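A short write-up of the structure that comes next.
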Amino acid sequence: MAKSSKLKKKMDAFEWVFYSIIILYVISLFVVLGFGFFNSFKDWYDFDLGNVLGMPREKYGGFTLQNYSFIITNFRVQVKPLGRPPRYVYIEEMLYNSVAFSIIVSLFSIATQVMVSYACAKYEFKLKGLIYMVAVIVMMVPIVGSLAAEMQFATELNLKNNFIGIAIMCCKYPGIYFLVFYASFKNISSTYMEAAEIDGAGHLKIFLQIMLPMVMSSISAVFVLQFIANFNNYQTPMLFAPERTTVAYGLFMYQSSVENGVHTTHKLAASIATAIPLMILFFIFRNKIMGNLTMGGIKG
Amino acid sequence: MKKLLSTIMAVFMLCASLGAMGCNREQLEAGDDSKSLLNVGVFYAGYGIEWAKQAEHDFEKLYEDVVFEDGKKGVDVIIDAKKDEFKPSNLLVTMESYENAIYFLNQNDFYGFQRNGLLADITDTLNEKVYDADGYWAAASGKPAVSSMNDIMYKEFDGYYDINGRTYAAPWSFDCAGIIYDADLFDKNRYYFDDEGEIGCNQADIDAGNCGTGPDLTMGTPDDGMPVTWNDFVTLMDHMKRGGDNVTPFIWSGGTQYQKVRAYESIWANYEGYDDYMLNFSFNGVDAQLGQITPSTAGKLCEQEGIKAAIKAAYDVIDGGYYFGKSFQKSYTEAQTLYIDKDGEAGQVAMFMEGGYWEIEAIDTFDRMGSLLPSNGFGQRNFKRFPIPNFVGVEGITDQTSEIMEEPETLIGHSAYKNIALVTAKNKAKNPELQQRLAKLFLQYVNSREQLVNFTAKTGACIGAYHFKTTKEERNTFTKFGKNIFEYIENGSKVAIDVPLHEFRRSNYADWEDNGRGYFYINENGVGSFADPFTFFADASSKTVNDCWGYMQRQFKQLMSTCK
Amino acid sequence: MKEKEQTFFSKLFTKIKWAMYDLSVKLFGNKKTKIELDANKSRRFKKNLFLFLFLLFPIVQFIIFYIGVNINSILLAFKSFEGGKWVFCGFDNFKEVWDDLFVNGRLNVAVKNSTIQFALSFLVGIPLHVIVAFVMFRGVPGSKFLRFVLFMPNMISSLVFVICFRYLASDALPLITGIENLNILKSSQPSSFYTVLLFGFWLGFAGGLIIYLGAMSSISTDVLEYCELENMSSLRLLWSIIVPLIFPTIITYIVVGMAGFFTSYGQFHSFFGAAGKNSAPPYETLGYVFFVTIARDSATVADYPYAAAGGLMFTMVIAPLTVGIKSLLEKYGPGVD
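Protein chains in written order, with numbering that gives the first Met the number 0: chain X, 0 to 299; chain C, 0 to 563; chain G, 0 to 336.
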């Protein structure tokens, strides 16, 4: 960004038009989220009476945190474990499930990609060409509609409602980050490896103590991105782990809740509350996320 | 990495603290060890559980000195109120794992429960004479017991829960649904009709008898002063909309269709009259216009003119814009709030389409309003059931016959077939044999007159599936809306309760539920899917009443094509 | 005795060791094996053993959960679930999908919607993303802040936006526009399709933007300096320099997006959940139909073959098409002179 702005002279009409699109877009993001945020501090009764755009009315309690206290006790999703009585999953369990799901699935996925990319980048062996080619083909040639077969596998191998099982199912090595890690390992000079080998270090030791730390910055950046993507993914938990409700799946269910006493402001509060952990994560890791990465991979 | 780990730790700590903050959720009532226990499962939905709590209190008091088992005196009733957990699909699997010995459910899978061996034989319970001549609990009144549950049960339920001559469940209740009007608003704005068919009377005029007869053409009945014909009603709606009072005639829930379907059914039933309308449940008998109806010809019931009249009513309401425009976007709770509180965005609304339990369902709103002004609290506002006007001189609709017009209003009794009471054969109760005995006693007790009165008082216009009389004092315990419903019943109104009398209807009950083809359903390419005629005309504004009726008939006849 | 035992076990161990080694060599054998065997045997053994163990899990995982799953998907497409058992049913499932697509018109709405969705994302989405990214890349006032904000849709769950937008549309929009009965999300109306389509486009806007912004940021400063000296207009700079330079990224985006015609269900599921069987809602796309066939609550294994057959048919179309288009774009795409 810095280098381009140096070259910048003056914005012409063409740029102004599209600049205004960006500004409008940013405003629209704030409008949508702001609407939810603002109304989540309104009493449900005030909102239901049609005070959608106005300030919270004092008559009905003004600005209130009541919606947030309500969701601690009432943001819940019913799960029906097979052969056992149904039970409710509340917000803390959802949060726990989300964190566990996101960590496990991200770790497995990154681990397989790192392992295969390291082997392909740093070793010569017969299957290397094939492994790399398969990765490229799988990414390039789409196979659609295998969800049914995946569901059947998950059921028959008893992987459902088990985060490790789901992680094993989802961690195939071909993927954009395989190429990212491959490039990262390729860029590391082999002299480090050779020197370590001469010093008597084993292959695993070289990998764990020398090579891995050198790409750790990329790995942790990818981990944060994967973590966020998995945290926000409601469909995989919906299909494969309905009994271990995550926050995203819980929110999906809660938005259509018709339970007595659940009102729009409660749903808005639930959605804002669940966005907060990720916003905190984003603030903490903003440099890592925005500095090292674009959404497609690591900058060159 | 340290940062990452500490963030994750922080999230886990947050989980733990949230869990601690929410630790008082769903606490169950602890049993009193000095008393015999009775665990009662209640479906926690629109009816609420206030009625059950009152029954619990009364039952415990009545038997506080009675010894049912050694070393214990009295009964401790524990109410276990749940919604999703007590859906039949769950209970089929889980009933055995609960301690409850008796259930009151708003959803029903009688054959499923029976197949799984979950139901106790209650034949003797239903036949035992436990009520005195006035229907009160004989053991409490001290008068002779002369009638049993079977004696006072609505006749539609005769044998309904029998298998091989033994009874395994009992009907519980229904709710009188349809159109509600705000009588205070009618009074204040003088929306009642005089005897010359002009708008302009208030409640004082009605009390003095200076008003129109209402649709039953008889003075001194609950519908006095209300519009006699549908055309009068359209005039009234127009008057509300344009008359300077700034009143919106109708509001309804858009999120769910069934409330609008109940209004549609009310119009249909009142056009046809009780007997012809009930053919839709029995598929057997003679229809005044269509002639002999048998199960194999029941498909032509969709040609009943009452259906067309109800569709025409929906057309007029939508076409005239006599409704709050955002109704279709409102959930039922939002619609309830906007109907009750005129400070809402809908302003003053005269009429509402809902189920008979709507007041108890909207109790949060009533409590809110009551906290500001007690006369706005639960049961204090003067809501009444809207009597259906006669279709005479209405364009495109054959005139109603005078016999039907003079009949008292036909009330719609809804969800009767879904509301079931059952004593369990399998449970985890601590003392199952005694609990079953107490459960049977409790079942009989809740259908005594005092508890039937309590049930209606606590649920608005929900009524036990057993006949009972009410004194004025008893009616005074009801909400004003509930009281109004009983005035109709006292005045001779019949309640068309929705018991699927014919086996085809019973085995295809889902087709007579929300989005089912039995009452109203349209699914046409290029037109769309609709489960009520109001939404249909709002979306397909170019369509006519006959288009709508035709589409609806196609679905119904398809459904009925396999009925034998 | 002890000595004997040790000898026996050490012999056995040695045998196992060499058997493993042979297997490793066969699988991962070094092509350059001209170095003296005796001296390097142990090193190579260790290396091959390491590679074998290192790659064992990823490869077995891939074989089971990618190759196995896809083979199972093919098999499923030829089976049906009748009376609690799987039976071979030939091409019945394919015929059913074919009929729905071309004979009885059940999927007409889905095909039409998928086409519109695809056109929006390709014909409007890609050019818009590239141009807006270019403007950002050239430097605009407040670009640091804008970049930060543009990351938000990628950080926050789409469901948060879905819920906020849902009530904004249903409760606030009628007030803002003054049209009381405005309901742009009414699921029985075709407007629901366009509303949610544009919502998805809006939500995905930032993601698309960031991809091209990333690609542009790796363009050499020298090239840009030269363009400044030439006093090129923004439009010419974009068309003649930037687009050709980031064309590989555009190709990747197109290639990845091609299958979306058959698989994308945008935010329709987030808004409306899984529609009932045979209900044909006006917002359905092909991706939505085949997703909810499996994802709806009432779905059973008996529904799987239809989805598998559909997937296989679509793959037969989209896989060669994707490869073809990729090579065409690479061959005839723009270049920088």
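Backbone N, C-alpha and C fix where the C-beta goes; we use that ideal spot for every residue, glycine too. These numbers come from a predicted model, not from an experiment.
In this structure Phe385 (chain C) is in contact with Tyr180 (chain C), their Cβ atoms being roughly 5 angstroms apart against a cut-off of 8 angstroms.
For Ser156 (chain G), there are no C-beta contacts with chain C under 8 angstroms, since the nearest C-beta of that chain is about 15 angstroms from it. Cα atoms of Ala428 (chain C) and Met168 (chain X): separation of roughly 43 angstroms, rounded to the nearest angstrom. Under the 8 angstroms Cβ criterion, the segment 75-82 of chain X does not count as touching the segment 219-234 of chain X, having fewer than three qualifying pairs. For Glu344 (chain C), the closest Cβ of chain X is nearer than 8 angstroms. Between Ser172 (chain C) and Asn418 (chain C), the C-beta spacing is below 8 angstroms. Taking all protein chains shown into account, Glu224 (chain G) has fewer than 16 neighbouring C-beta atoms within 10 Å of its C-beta and is therefore exposed. Interface residue (Cβ-Cβ distance to chain X less than 8 angstroms): Glu360 (chain C) is classified as such. Between Gly378 (chain C) and Lys471 (chain C), the beta carbon gap of about 16 angstroms keeps them out of contact (Cβ cut-off 8 angstroms). With its beta carbon less than 8 angstroms from one in chain G, Leu267 (chain X) belongs to the interface. Taking Ala80 (chain C) as reference, the option from C:Phe42, C:Ala308, C:Leu117, C:Phe112 with the minimal CA-CA separation is C:Phe42. Residues of chain C whose Cβ lies closer than 7 angstroms to the Cβ of Asn180 (chain G) are, in chain order, Gly324, Lys325, Phe327. If you compare the alpha carbons of G:Val68, G:Ala132, G:Thr248, G:Ser278 with that of Thr154 (chain X), the shortest gap goes to G:Val68. In this structure the segment 428-438 of chain C does not touch the segment 131-144 of chain C; the number of beta carbon pairs closer than 8 angstroms is below three. Unbroken beta strand (DSSP E) runs of no fewer than 3 residues, entirely contained in the segment 44-85 of chain C, are found at 74-81, following chain order. One thing to note: Met278 (chain X) has its Cβ no nearer than 8 angstroms to the Cβ of Phe150 (chain G).
Contact between the segment 329-346 of chain C and the segment 544-555 of chain C is not established, with fewer than three Cβ pairs separated by less than 8 angstroms. DSSP places Asn38 (chain C) in the strand class (E or B) of the three-state scheme. Under DSSP, Pro170 (chain C) takes part in a beta bridge, and its partners are C:Ile419. By alpha-carbon distance to Asp64 (chain C), the top candidate from C:Gly73, C:Asp120, C:Phe58 is C:Gly73. The Cβ atoms of Ala464 (chain C) and Tyr153 (chain C) lie closer than 8 angstroms to each other. Comparing C-alpha distances from Val129 (chain C) to each of C:Arg448, C:Ser560, C:Ala169 shows the shortest one belongs to C:Arg448. Neighbours of Lys79 (chain X) in chain G, taken as residues whose beta carbon is under 7 angstroms from its own, are absent, since the nearest beta carbon is some 11 angstroms off.
Just so you know, the alpha carbons of Phe40 (chain X) and Pro55 (chain X) end up roughly 8 angstroms apart. Between the alpha carbons of Ile125 (chain G) and Phe177 (chain X) lies a gap of roughly 25 angstroms. Selection C:Phe192, C:His413, C:Gly305 evaluated against His238 (chain C) yields C:Phe192 as nearest (Cα-Cα). Here Phe382 (chain C) carries a strand assignment [DSSP, helix/strand/coil]. Rounded to whole angstroms, the Cβ separation of Thr292 (chain G) and Ala308 (chain G) is 11 angstroms, and the two are not in contact under 8 angstroms. One finds Gly527, Asp538 in chain C with Cβ atoms closer than 9 angstroms to the Cβ of Gln188 (chain G), taken in chain order.
Interface with chain X (8 angstroms Cβ-Cβ cutoff): Thr332 (chain C) is included. Shortest Cα-Cα distance from Phe17 (chain X) to any of G:Val129, G:Phe200, G:Glu81, G:Ala118 involves G:Val129. Contact check for Asp45 (chain X) against Gln65 (chain X) fails: the beta carbons are separated by 8 angstroms or more.
A residue is called buried once 16 or more other Cβ atoms fall within 10 Å of its Cβ, and Asp32 (chain C), having fewer, is exposed.
By the beta-carbon neighbour count (other beta carbons within 10 angstroms, threshold 16), Ala118 (chain G) is exposed. The C-beta separation of Gly259 (chain G) from Ser120 (chain G) comes to about 7 angstroms, placing the pair in contact by the 8 angstroms criterion. Of the candidates X:Ser255, X:Phe37, X:Asn186, X:Asn186 places its Cα closest to the Cα of Ala120 (chain X).
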